[in-house]
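Below is one structure; the comments refer to it alone.
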Amino acid sequence: MLIKRPDYFDKLLAYKDKEPIKVITGVRRSGKSSLLLMWKEFLEENQPASDVIYLSFEHPSSFKLHEGAHLMDYLQSKTTKEHVYFLFDEIQFVSDWQKYINGLRLAYNCDIYLTGSNSELLAGELATLLTGRYVEIAVFPLSFKEYLSFRGYEGGENKDLYFRDYLDNGGFPLTVMTADAFVRDGIMRALFDSVLFRDVVFRGAIQNPDQLMRVVSYLMDNIGNPLSASSIANYLTSAGFKTYADTISRYLHLLEQAYTFYRVERYDIRGKERLKTLGKYYAVDLGLRNYVLGRTDINRGSQIENLVFLRLLQAGYKVFVGKYDDKEVDFVCFKGKTVKYIQVCERLPVDNDREIDNLLLIRDNYDRLVVTMNTLDVGSRRGIDIIHIYDFLLADDGSI
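Shown next as structure tokens:
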């Protein structure tokens, strides 16, 4: 069963028959392949199927095409139309694929769609050959809005139960489609192993996967905390697992490449500049986090902070952690000319206005708001809007 993702589908529709190569990226099993298959079905409904060439390079039938020259020979034998649609799933398995994709773009009147599970897809030779000629469509596990839609939620008092399930089990399509807890845990285990071993251990030729796993667990347990390669190395060494900052830095880079974690840089609000030290890490999915840690009912504040971060990415924002002198703002968000300052908390403290005070320090006219889990906090305090996490997560992209 394919889960429909209309927000992503609409992005493909907007770029249909336009020059940029469409590059669909995201963590493994987030729904990229399903999206590409739905797009294939749509294309075949609206023009002859022979105009559409679809290949999945993870499928055994395509293994012989992993050599780029063989792929080109195959495509030349299949391509006779004046206009053709090329849909390639997990293109990174093809050797020297960047130059062959560029060759297709130059040789044919074509519309090209690619998927890949590693951020290196958009680096190196592709960036050089196709500067300004590709557009990235980042796919995430299901948002809370997508999750509710799939579960058939039509409003009512059960939203809290759905939200708890979403917090605990995340939004990977395969897990959302599975009601049986035992089966779902098995799927999550297989999914995690696939991401960690195929996209990190094997790709990075990691010699000590146990050490990598300790880093993953530490990151999952410290979502939203300032971290560096040195601080993680020091922690592990003090715990009896000697390692070095250079090793940890390499692990972090590989985990980011696999879209398992996102590193968020700090931003000096007063000086209006990016800071390179002590970034924060957020997980691509809370279900993955809870699987790694083996527990779900801890630190709800960091969990909703993670959800807010992911929702901002889905809405198209570039996100930073804000610094104003010695104070912190959870998120500084940029999209075009729009700037927002956002604080996130499980509930506002009764005797402490830190969340509000830090926002009031900022002397400009951009939007400032607090996102909370506590319904009683919702409203306005000292001119700062306070909204419930549900309202934030369920808002349309243009309203965030």
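Numbering (numbering that gives the first Met the number 0), first residue to last: 0 to 399. Glycine included, C-beta positions come from ideal geometry on N, C-alpha and C. Predicted, not measured: the structure shown is a model, and the values here were computed from it.
Straight-line gap, residue i to residue j (C-alpha atoms, nearest Å)
| i | j | result |
| --- | --- | --- |
| ASP403 | LYS80 | In the structure displayed, the chain extends from 0 to 399; residue 403 sits before or after that span and is not available. |
| ASN101 | TYR7 | 24 Å |
| TYR165 | ASP220 | 18 Å |
| ARG353 | ASP325 | 12 Å |
| ASP245 | TYR99 | 35 Å |
| TYR337 | VAL318 | In the sequence on display, residue 337 carries Thr and not Tyr. The straight-line gap from Cα to Cα measures roughly 12 Å. |
| LEU34 | LEU292 | 30 Å |
| LYS144 | GLY154 | 12 Å |
| TYR258 | TYR250 | 13 Å |
| TYR340 | LEU105 | 44 Å |
| PRO47 | GLY300 | 52 Å |
| HIS252 | GLU119 | 11 Å |
| TYR14 | PHE240 | 49 Å |
| GLU43 | THR177 | 30 Å |
| VAL175 | ARG269 | 43 Å |
| SER116 | PHE171 | 14 Å |
| MET71 | TYR112 | 16 Å |
| ASP350 | ARG262 | 32 Å |
| PHE162 | GLN256 | 29 Å |
| TYR107 | VAL83 | 8 Å |
| LEU74 | LEU103 | 9 Å |
| SER193 | PHE181 | 19 Å |
| GLY67 | ASN45 | 30 Å |
| PHE391 | ASN168 | 20 Å |
| THR114 | PHE62 | 16 Å |
| GLN206 | SER227 | 22 Å |
| PHE201 | MET212 | 14 Å |
| TRP96 | HIS69 | 11 Å |
Beta-carbon contacts of residue i that lie in its chain and below 7 Å, excluding the five residues immediately before and after
| i | result |
| --- | --- |
| ILE231 | VAL214, TYR217 and ILE247 |
| TYR234 | TYR217 |
| GLN302 | LEU166 and LEU285 |
| THR374 | HIS387 |
| ASP16 | ASP110 |
| TYR365 | VAL338, LYS339 and TYR340 |
| LEU358 | VAL328, TYR340, GLN342, ARG367 and ILE383 |
| GLY30 | ILE2, ARG4, VAL138 and PRO172 |
| MET372 | ARG299, ILE303, GLU345, ARG346 and ILE388 |
| GLY378 | ILE385 |
| ASP50 | LYS80, HIS82, VAL83 and TYR84 |
Residue range of the alpha helix (DSSP H) that includes residue i
| i | result |
| --- | --- |
| TYR409 | The shown model of the chain, from 0 to 399, leaves out residue 409, and the question about it has no answer. |
| ILE52 | First-last for ILE52: 51-55, but that is the beta strand (DSSP E), not the alpha helix (DSSP H). |
| GLY102 | 96-106 |
| LEU218 | 208-220 |
| LEU393 | 388-393 |
DSSP-derived helix/strand/coil call for residue i
| i | result |
| --- | --- |
| ARG362 | coil |
| SER379 | strand |
| TYR261 | strand |
| LEU347 | coil |
| ASP356 | helix |
| THR371 | strand |
| ILE231 | helix |
| LEU1 | coil |
Residues near residue i in its chain [Cβ-Cβ closer than 6 Å; skip 5 each side]
| i | result |
| --- | --- |
| TYR53 | LYS39 and LEU86 |
| ASP384 | LEU368 |
| LYS334 | GLY315 and TYR316 |
| LEU311 | VAL318 and CYS332 |
| SER32 | ASP88 |
| GLY203 | LEU253 |
Distance cut-off 7 Å: residue i Cβ against heavy atoms of the ligand SAM
| i | result |
| --- | --- |
| CYS332 | Only the bare structure without any ligand can be found here, which leaves the ligand SAM out of the picture. |
N- and C-terminal bounds of the beta strand (DSSP E) containing residue i
| i | result |
| --- | --- |
| ASP88 | 83-88 |
| THR276 | 272-282 |
Residues near residue i by beta carbon distance below 8 Å, same chain, minus five either side
| i | result |
| --- | --- |
| LEU121 | VAL22, THR24, TYR133 and GLU135 |
| LEU254 | VAL199, VAL214, VAL215, LEU218 and PHE260 |
| LEU274 | GLU264, ARG265, TYR266, ASP267 and LYS322 |
| HIS65 | PHE56, PHE92, VAL93 and SER94 |
| PHE196 | PRO208 |
| LEU173 | ARG28, ILE186 and LEU190 |
| LYS77 | ILE52 |
| TYR290 | ASP184, MET187, ARG188 and PHE191 |
| ASN305 | ILE222, GLY223, TYR281, ALA282, LEU285 and ARG288 |
| LEU360 | TYR323, ASP324 and LYS326 |
Residue-level contact to chain B via CB, residue i, 8 Å cutoff
| i | result |
| --- | --- |
| MET71 | Judged by its chain identifiers, the structure shown contains no chain B, having just a single protein chain. |
*Along the chain, which unbroken stretches of the beta strand (DSSP E) at least 3 residues long are found entirely within the segment 109-197?*
109-115 and 133-137
*What are the start and end residues of each continuous beta strand (DSSP E) run of 3 or more residues lying completely inside the segment 285-339, in chain order?*
317-323 and 326-334
*Which full runs of the beta strand (DSSP E) of 3+ residues lie inside the segment 5-70, going along the chain?*
20-24 and 51-55
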